[in-house]
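The structure appears right after this line, and notes come after that.
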Amino acid sequence: MYVCICNGHRDSDIRAAAREGLRSAPAIYRRLGKPVRCGRCLEFAAKVIEEAHGAREGEREVPQVA
Ligand code: FES
């Protein structure tokens, strides 16, 4: 499914990048070649990343967009 509508990033692509060691949506989006734009997807992307890392509740990073 699509996580980021602006860039067309899918959950599978975000999970794959997270498993390579990246821990934030902005870093993953840059790796995928399209940086964060509106930022509305960041909370959902953080959940996908958290799942990929098997992080515990409360350790999730939600980046802020200026
Ligand atoms: S929906 Fe992801 S940057 Fe806009």
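In this text, residue positions in the sequence shown follow this note's numbering: the first is 17, and each later residue adds one.
Ideal Cβ placement from N, Cα and C applies to all residues, glycine included.
>> Rounded to whole angstroms, what is the Cα-Cα separation between A62 and A41?
In response: So the two alpha carbons sit approximately 6 Å from each other.
> When DSSP labels each residue in this structure, what does V64 get in the three-state scheme?
Replying inline: Note: V64 maps to helix in three-state DSSP.
> Is V64 near the ligand FES, in the sense that its beta carbon is under 6 Å from a heavy atom of that ligand?
Replying inline: No, the beta carbon of V64 sits no closer than 6 Å to any heavy atom of the ligand FES.
> Just curious, the alpha helix (DSSP H) that I84 is in, first and last residue?
Replying inline: Outside the shown range of the chain, which is 17 to 82, sits residue 84, and nothing can be said about it.
>> Among the candidates R46, R35, V64 and R47, whose CA atom is the shortest distance from the CA of Y18?
In response: Of the residues R46, R35, V64 and R47, the one whose Cα lies closest to the Cα of Y18 is V64.
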